[in-house]
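Under mature numbering (1 follows the signal peptide of the UniProt record, and there is no 0), residues -25 to -1, 1 to 528 are what the sequence shown spells out, in order. As structure tokens, the structure follows; a few thoughts come after it.
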Amino acid sequence: MANSPALFFQLSSVSVLLFLASALAQTSSKGSIDVNSSLTITDNDSPTPWLSPGQDFAFGFRKVNENTDEFLLSIWYNKIPDRTIVWFGNDGNTVSRGSRVQLTADRGLVVTDPKGKQLWNSGKISDQAQVSHALFNDTGNFQLLSSDSTKLWESFSYPTDTLLPTQIMPTGGVLYSRRNKNDFSRGRFQLRLLEDGNLVLNTREILTNFAYKAYYISGTYDPSNTTNSGYQVLFDDSGSIQILRRSGDRVVLTPNPILPTSEYYHRATLGFDGVFVQYYHPKNSTATPNWSSVWKQPENICLAIPLDLGSGACGYNSLCRLDVSGQPVCQCAPDYSLVDPDDMYSNCKPNFSLGCDDNNEQSSSKDLYELLEIKNANWPTSDYERLAPISDQDCKNSCLSDCFCAAVVYGSPSCWKKKLPLSFGRQGSTETGSYVHIKVRKGERTSHSPKDSSRKKDHGTLILVGSVLFGSSVFFNFIIIGASCLGFLGIYLKNPVKAGLAKLSGLMSSGSQSLAFHILQIELPERRFCKLSSVSITGISVVVSVTLRATKC
């Protein structure tokens, strides 16, 4: 019995903890979050998110790419396998482990990095009121409220790329597409409700936000009677998206019948491909991992974007087509590669030199270039010269001998020569019968990685490759041998090459086990070398190669 008080104390402590846990669970179930509450990304995982009362939506940090350790402050669907993100803060920028979001009285939601530096906040709260608590609704709306329940801030008023049922977008409201699947920063596409009452989709110039011509217009502007013009986009609780006119009339965008929101989740998202789509997903089924489309604008974005400024639906030097499911797909021209390998919709660059070089008489020679045919394709806005009448072969020869010409289209009796960058590329049944011939360099075909494109008169390219393996002391002996060989070769080369060889030789002879792969590229000031030297010893190779054009040996 001597231990009875201690046992009583332990049991009482457990009871108190269970009571507190129960109280916290009840608070969470009501979707209410107190001031000074916070979520921190730990070393092990992202924190347990704040949930809406029915747990349909979650608020917190999400890992957006399994290949990186980056997290996004966001709101997402919590009960479906896809866990689709519908809102994000911090301007779409990801944060690292140790970062935190905190609910404060004067600044609202505040995101800080592991050192406590502020990265983002939801905005200064009014001097007349402070945040008392947050309320997370089952509509997906995250609200900051004062002590008298006045709304001081809400996520619905600051949409990113998605609208949800019960959400309203006023005149001047805008959605921005994200850059790509894993990059949530603002992309090239916008959905805007203009001051004149029209709902429009358009591309934009990212640096200045200049809006290009719209590729969808709702037609809800009436210059003769402004009361007939639109002033709100309403996604009502039935799942219908409507434009409200000032007269009280409504223009319904969602076709009937509408699947009930009691059984289906609905969202409308401006995709990173520029297509605005209303989706639905069963609430109580995990058998359907993907969202289904209710309607979308436009049906074919490859053709919808006006032939104006910008690159079109895809990046420059790319071709747009629809796949079997009707989704836009972008593909670089032959022997061109993506500037951003992770973004299919980004610009493409040639994997070879193309252009005019006054110092190189061979730069436009037919001996250096050839034309590849692409069926049912065109870049309709890149013409700079028309030749007529002319034969098909003379048209091609004209492009091959013209250093400005990047591609050519022939339609008897006319020839259209095209220059870089190639814009508004399209391919498919709509271009049936159109054959574009694109100019590429002979013998340099690749569809994966770009090759070096710096070729200048009297300049070769020396590439030194040190390929080393982690190993025993025997390996280091071979390294010393390789370094000696390179040092010997450096005696015969000009100073710039000597410096490069010395750098690689030093790296190799240092015996560092962290050395894995080094490539040095040095331009030769004179056409002196055309020799390929190779030393290979038990899997360790030191390769010295010199690539020259029109070299005399």
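C-beta: ideal position from N, C-alpha, C; glycine also.
- Residue pairing of Gly403 in beta bridges, as defined by DSSP: absent, with no partner found.
- Asp358: member of the beta strand (DSSP E) spanning Asp358 to Leu362, first to last residue.
- Taking the Cβ atoms as the reference, Thr195 lies roughly 5 Å from Ile218, within the contact range of under 8 Å.
- Under DSSP, Met144 shares a beta bridge with Val208.
- Separation of Cys370 and Cys305 (C-alpha to C-alpha, rounded to the nearest whole angstrom) is 28 Å.
- Within the same chain, Cβ atoms closer than 6 Å to the Cβ of Val411 are found at Ile349, Ala352, Asn353, Ala382 and Val384, the five residues on either side in sequence being excluded.
- With a contact defined as Cβ atoms closer than 8 Å, Lys54 and Asp31 qualify at about 6 Å.
- Taking 8 Å as the upper bound for CB-CB distance, Thr79 and Val39 are not in contact here, some 25 Å apart.
- Secondary structure of Ala104 (DSSP, three-state): coil.
- Distance from the Cα of Glu170 is smallest, within the candidate group Tyr190, Gln207, Thr178 and Arg179, for Gln207.
- In the DSSP secondary-structure assignment, Gln165 is bridged to Tyr151 and Asn177.
- In the structure shown, the three-state DSSP call for Phe131 is helix.
- Per DSSP, the continuous beta strand (DSSP E) segment holding Leu119 begins and ends at Phe117 to Leu120.
- Around the Cβ of Pro235, a 10 Å sphere holds fewer than 16 other Cβ atoms; the residue is exposed.
- Where Ile8 is concerned, the enclosing beta strand (DSSP E) starts and stops at Ser7 to Asp9.
- For Cys374, the secondary structure class from DSSP, reduced to helix, strand or coil, is helix.
- In the three-state reduction of the DSSP assignment, Gln77 falls in the strand class, which pools E and B.
- Here Ile233 is not bridged, per DSSP, to any residue.
- Shown here, Ala279 sits in a helix according to DSSP, grouped into three states.
- The stretch 142 to 160 and the stretch 126 to 134 touch, with three or more beta-carbon pairs separated by less than 8 Å.
- In the same chain as Ile143, and ignoring 5 residues on each side of it, the C-beta atoms closer than 8 Å to its own belong to Phe131, Gln207, Val208, Leu209 and Phe210, in chain order.
- Taking the C-beta atoms as reference points, Lys414 is found nearer than 7 Å to Leu346.
- Taking C-beta separations shorter than 7 Å and ignoring five residues to either side along the sequence, the partners of Phe34 in its chain run Pro24, Trp25, Ile50, Phe111 and Phe117, following chain order.
- Taking a cut-off of 8 Å for Cβ pairs, the stretch 151 to 166 and the stretch 175 to 184 touch, as three or more such pairs fall below it.
- Judged by beta-carbon spacing, Ile216 lies within the 7 Å limit of Ala243, meaning their Cβ atoms are closer than that value.
- In the three-state reduction of the DSSP assignment, Gly35 falls in the strand class.
- CA-to-CA, the gap between Ser199 and Ser267 works out to about 39 Å.
- The three-state secondary structure of Gln217, taken from DSSP, is strand.
- Counting the other CB atoms within 10 Å of its CB gives Thr125 a total below 16, which places it among the exposed residues.
- Within the model, the alpha-carbon separation for Ala109 versus Ile8 is close to 5 Å.
- In terms of CA proximity to Gly64, Ser97 leads the group Ser97, Glu274, Val314 and Val106.
- In the DSSP annotation of this structure, Phe327 is not part of any beta strand (DSSP E), being labelled neither H nor E.
- With respect to Ser293, Gly400 sits close: the two C-beta atoms are nearer than 7 Å.
- With respect to the C-alpha of Arg221, the residue from Ser213, Asp197 and Asn231 having the closest C-alpha is Asp197.
- His256 and Thr141 have their C-alpha atoms roughly 17 Å apart.
- The beta-carbon separation of Tyr291 and Pro396, rounded to 4 Å, stays under the 8 Å limit for a contact.
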